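These protein sequence lines are chains A and B, in that order. Going by the numbering used here, 93 is the number at position 85 of the first sequence; the sequence numbering is gapless. Going by the numbering used here, 56 is the number at position 48 of the second sequence; the sequence numbering is gapless. Even for Gly, the Cβ is constructed at its ideal location relative to N, Cα and C. All of these numbers come straight from a predicted model, not from anything done at the bench.
Number of protein chains: 2
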Amino acid sequence: LKIAVDAMGGDHAPRAVVEGMALAISDGGVPRENLLLVGQAAALAPLIDEVGLEGVAVEDASQSIGMDESPASAIRGKRDSSIVRGMRTVAEGRAQAFISAGNTGAVVAASALVLGRLAGVSRPGIAVPVPTHRGPCVVIDVGANIYCKPDHMLQYAVMASEYCKASFGRADPVVGLLNIGEEEGKGNPLIQQVHALLQGSGVTYRGFIEGQDIMSGVVDVVVCEGFVGNVILKVAEGFSESFLHDIFRKVAETTNGSPDVKAYMGSLKQRFDYAATGGAPLLGVEGSIIICHGRSHGGAIANAIQVATNFTRSRVNERIVDEVAKVSMLHRVADFFHIDQN
Amino acid sequence: LKIAVDAMGGDHAPRAVVEGMALAISDGGVPRENLLLVGQAAALAPLIDEVGLEGVAVEDASQSIGMDESPASAIRGKRDSSIVRGMRTVAEGRAQAFISAGNTGAVVAASALVLGRLAGVSRPGIAVPVPTHRGPCVVIDVGANIYCKPDHMLQYAVMASEYCKASFGRADPVVGLLNIGEEEGKGNPLIQQVHALLQGSGVTYRGFIEGQDIMSGVVDVVVCEGFVGNVILKVAEGFSESFLHDIFRKVAETTNGSPDVKAYMGSLKQRFDYAATGGAPLLGVEGSIIICHGRSHGGAIANAIQVATNFTRSRVNERIVDEVAKVSMLHRVADFFHIDQN
Chain A
9 LKIAVDAMGG DHAPRAVVEG MALAISDGGV PRENLLLVGQ AAALAPLIDE VGLEGVAVED
69 ASQSIGMDES PASAIRGKRD SSIVRGMRTV AEGRAQAFIS AGNTGAVVAA SALVLGRLAG
129 VSRPGIAVPV PTHRGPCVVI DVGANIYCKP DHMLQYAVMA SEYCKASFGR ADPVVGLLNI
189 GEEEGKGNPL IQQVHALLQG SGVTYRGFIE GQDIMSGVVD VVVCEGFVGN VILKVAEGFS
249 ESFLHDIFRK VAETTNGSPD VKAYMGSLKQ RFDYAATGGA PLLGVEGSII ICHGRSHGGA
309 IANAIQVATN FTRSRVNERI VDEVAKVSML HRVADFFHID QN
Chain B
9 LKIAVDAMGG DHAPRAVVEG MALAISDGGV PRENLLLVGQ AAALAPLIDE VGLEGVAVED
69 ASQSIGMDES PASAIRGKRD SSIVRGMRTV AEGRAQAFIS AGNTGAVVAA SALVLGRLAG
129 VSRPGIAVPV PTHRGPCVVI DVGANIYCKP DHMLQYAVMA SEYCKASFGR ADPVVGLLNI
189 GEEEGKGNPL IQQVHALLQG SGVTYRGFIE GQDIMSGVVD VVVCEGFVGN VILKVAEGFS
249 ESFLHDIFRK VAETTNGSPD VKAYMGSLKQ RFDYAATGGA PLLGVEGSII ICHGRSHGGA
309 IANAIQVATN FTRSRVNERI VDEVAKVSML HRVADFFHID QN
């Protein structure tokens, strides 16, 4: 199992990436021969020495894509960027997974161009496990696809259900469709169509859920449009930042550093630090592509290496292909009878 | 100034509403002759006695609309509901404002039917002041309109700017358009069109903002689609609930009820308790319509009475009509020259 990591992606690259790799080796027990650093070899050499990563293979990539570059043109123009080269190590079978904290749009675009989609999948989607007190709730899509059609969202439900089973051991993940109310008839036409598709789909569908249900843990998978998912994630992030930091400071002051409160606060902070969690799979592409937050530090990269390992070992992509095929078959049968009746 | 309040709306009605009115009188200094309770007079009588609201006028309404009823059919079918009758007190000039914690969709539908829109306004929008450390940030729309078109969203920017000036004393409110990135070219076609309209509109437009910016206070007004705004609000609510309650309990335990921490936590809780804040105006209708959270307790109702008073006294609706007219004029001029050039 070989995992390629984008050395040039993210606000704290390349240092955070190299440090994260070292952490995965020292604390995570990942064999160093399983790792492949993708970036400007000459520039990385001193950092590799400093962090003690000697012996980790480097895939030389002369270019890097900035966080604010337009994804499509960056991918076309920078064939020797760390993102495109990283994808190619997977396409060529020299690695099974690729991790990047870089330009998310560029990662999504490069995966489509270089790796292609899994058989039967219409649009890949980014699946983010959001922490709840009942374990992760997977929100899909959070921005890979901002032109979501009903069948894309049906497939998101199927793919995220398989991911939930494979990565979080849920036997029968429950799917909710994000809407502005739980009653039948609520929502826009897109939501209504997805609702109809999900009801006959074979996934365990609970129906509409609302924003507050994401954190409450009533469902294992939340399906939403990429635009909506992206905004939600950032609202939650903004909330935790502007707010928790306030509380933590105040509580630390007033409790004079009580170790009990400190430990509890630390665990909460970690649970809700979206930048630290690290590792959202891009579901529906040929390979294991793991997207990290742009602000990832070493810990998030190390975590993403673990996520990539589990994702690849679980062979979830094979399950996704099977289940997407079943759903399309159901779809075609339903269509057939529908046409027949008219 | 007369303020009508829906006695039958919300999860804790009618008790919470009647108690909220009493609170507005006792703590808020609102004269009782300024208040009008709308609901089933016979059923309300014992409660009015109990709470000590004798002398407050009651507008008898034999029906009430449930939280889960379909708005359009409820409004058509229940002409004697507290929501429809409340709107009529405003339409007939017997009250200037109407407050409801009931079925939001029904309030929006009834306002369109009974009151009508302000001159020049295409679609009313619900404007929610979200607490930030720099004061309220007004998010519009949060669900009055789920088929948002570019010119609706342009008008939301204009209306919410006027509301910000009139209610929060901002001299020059800064407007942000919610998107999935700050760079030009990001977002879907709707967002791109609104972006173009806002740039030439005369409102103080900062450009795209992202989800995390709502809480950070970098803008005074956030414009978004009703679907997106509704989801955001509920995510923030869910976050604060599932999470803050946890922290508060733990901190209270560990600090053995330190009064300093307790007071701080209490202030935070109040600041982020969306049910307690109470009072989001429906901008763009002929009158002052204030929508409360369905879970409102007495405090939220009392607060909404204050909001309704300020909203009506500020005569913001006159400013909205003027500014919407200016923007439409600009619009027509731009269109004219555009056509001329081709």
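I'd like the span of the beta strand (DSSP E) that includes residue i, first residue to last.
i, result
"VAL13(B)", "11 to 14"
"VAL59(A)", "Counting along the chain, VAL59(A) falls outside any beta strand (DSSP E), though it belongs to the alpha helix (DSSP H) covering 49 to 59."
"ASP352(B)", "As shown, chain B starts at 9 and ends at 350. That puts residue 352(B) outside it, with no answer to give."
"PRO289(B)", "288 to 291"
"LEU186(A)", "182 to 186"
"PRO79(A)", "Here PRO79(A) belongs to no beta strand (DSSP E); instead the alpha helix (DSSP H) covers 79 to 85."
"ALA105(A)", "105 to 108"
"ALA135(A)", "133 to 138"
"SER119(A)", "Segment: none, SER119(A) is in no beta strand (DSSP E) and carries neither H nor E."
"SER296(A)", "296 to 299"
Is the CB of residue i under 9 Å away from at least one CB in chain B?
i, result
"VAL239(A)", "yes"
"TYR155(A)", "yes"
"PHE216(A)", "no"
"ILE297(A)", "no"
"CYS300(A)", "no"
"ILE134(A)", "no"
"CYS232(A)", "yes"
Give a yes or no on whether 9 Å exceeds the smallest Cβ distance from residue i to chain A.
i, result
"ASN350(B)", "Summary for ASN350(B): the model assigns pLDDT 33, below 50, so the residue's position carries little reliability, and this model does not support an answer."
"GLY307(B)", "no"
"GLY113(B)", "yes"
"ILE347(B)", "In this predicted model, ILE347(B) has a pLDDT of only 49, less than 50, meaning its place in the structure is not dependable enough to derive any value."
Chain B partners of residue i, CB-CB under 8 Å?
i, result
"GLY193(A)", "SER78"
Run the CB neighbour count on residue i, radius 10 Å, all protein chains shown included, and call it buried at 16 or more, exposed below.
i, result
"LYS242(A)", "buried"
"GLN349(A)", "Per-residue confidence for GLN349(A) stands at a pLDDT of 35, beneath the threshold of 50, marking its modelled position as unreliable; the derived number appears in the next sentence. Looking at its Cβ environment, which holds fewer than 16 other Cβ atoms inside 10 Å, GLN349(A) is exposed."
"ALA82(A)", "buried"
"ARG87(A)", "exposed"
"HIS305(A)", "buried"
"ARG131(A)", "buried"
"HIS141(B)", "exposed"
"GLU192(B)", "exposed"
"GLU62(B)", "exposed"
"SER34(A)", "exposed"
"GLN104(A)", "buried"
"SER275(B)", "exposed"
"MET337(A)", "exposed"
"ARG102(A)", "exposed"
"GLY60(A)", "exposed"
Name, please, each residue of chain A whose Cβ falls closer than 8 Å to the Cβ of residue i.
i, result
"ASN196(B)", "ILE154, TYR155, PHE235"
So residue i is in the alpha helix (DSSP H); what residue range does that whole segment cover?
i, result
"THR97(B)", "90 to 99"
"SER34(A)", "23 to 34"
"VAL315(A)", "306 to 321"
For a contact defined as C-beta to C-beta under 9 Å, what are the partners of residue i on chain A?
i, result
"LYS242(B)", "ILE188, GLU218, GLY219, GLN220, ASP221, ILE222"
Quick one: list the residues of chain B neighbouring residue i, beta-carbon separation under 7 Å, in chain order.
i, result
"GLY151(A)", "ILE188"
"PHE247(A)", "MET223, ALA244, PHE247"
Go through the stretch 193 to 265 of chain B residue by residue and report every complete run of the beta strand (DSSP E) that reaches 3 residues or more, in order.
212 to 217, 229 to 231
If we require 3 or more residues per run, which beta strand (DSSP E) segments fall completely within the stretch 141 to 178 of chain A?
Listed in chain order, the complete beta strand (DSSP E) runs (minimum 3 residues) inside the stretch 141 to 178 of chain A are 145 to 148.
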